[in-house]
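Residue numbers (the working numbering): 102 to 263.
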């Protein structure tokens, strides 16, 4: 295997859809397996991947923020498909096909990425607009500005927008 130490991949995760999240997390895990440094930057709908489902407080939220928090998927496994969702039927079919082929679940890929040391960053502005507080995110996630992410991404060998 080629020595990929000091090579980097940056993924800007804008989507909050199951299949796109699956692709991004498979790539992040695979990149760590070949010794790439990986940073994932979650913006807007991508924040749904890094919510801590056990920490969604109602205090200090506006009415709109409370409604938004209750209308969006709480658990990563509840994300919809980007295509052919058909009110959840398409996703059930995909999950069934994944089970048949012993493919890990989306949450397994997320936990694998966290264990492997993928750097998880949340967009500060996206958090502010969507009403997410730091304590509502997974503990491994830090909140950074878009500028901070871009400075880091400038050194990346691979940059993806999903």
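Heads up, the beta-carbon is just placed ideally off N, CA and C, and yes, glycines get one too.
Secondary structure at residue 127: helix, using DSSP grouped into helix, strand and coil. Judged by pairs of C-beta atoms under 8 Å, the stretch 127-135 touches the stretch 107-119, as three or more such pairs exist. The beta carbon of residue 240 sits closer than 8 Å to the beta carbons of 153 from its chain, once the five residues preceding and following it are set aside; these are given in chain order.
Each residue's CA atom was taken as its position, placing residue 259 and residue 140 some 11 Å apart. Judged by DSSP in its simplified three-state form, residue 262 adopts strand. At the C-beta level, residue 180 and residue 118 come within 7 Å of one another. Inter-segment contact for the stretch 154-173 and the stretch 188-198 is absent: fewer than three beta-carbon pairs are separated by less than 8 Å. Closest option to residue 150, judged by alpha-carbon separation, among 185, 105, 201 and 207: 207.
Counted as a single uninterrupted DSSP element, the alpha helix (DSSP H) harbouring residue 210 occupies residues 207-217.
Per DSSP, reduced to three states, the secondary structure at residue 153 is coil, with no helix or strand assignment. The distance from the Cβ of residue 162 to that of residue 232 is about 6 Å, consistent with a contact at the 8 Å cut-off. Here the C-alpha atom of residue 202 lies approximately 43 Å from the C-alpha atom of residue 164. Where residue 115 is concerned, there is no enclosing beta strand (DSSP E), because DSSP gives it neither an H nor an E. Within the stretch 155-186, no beta strand (DSSP E) run of at least 3 residues lies entirely inside it.
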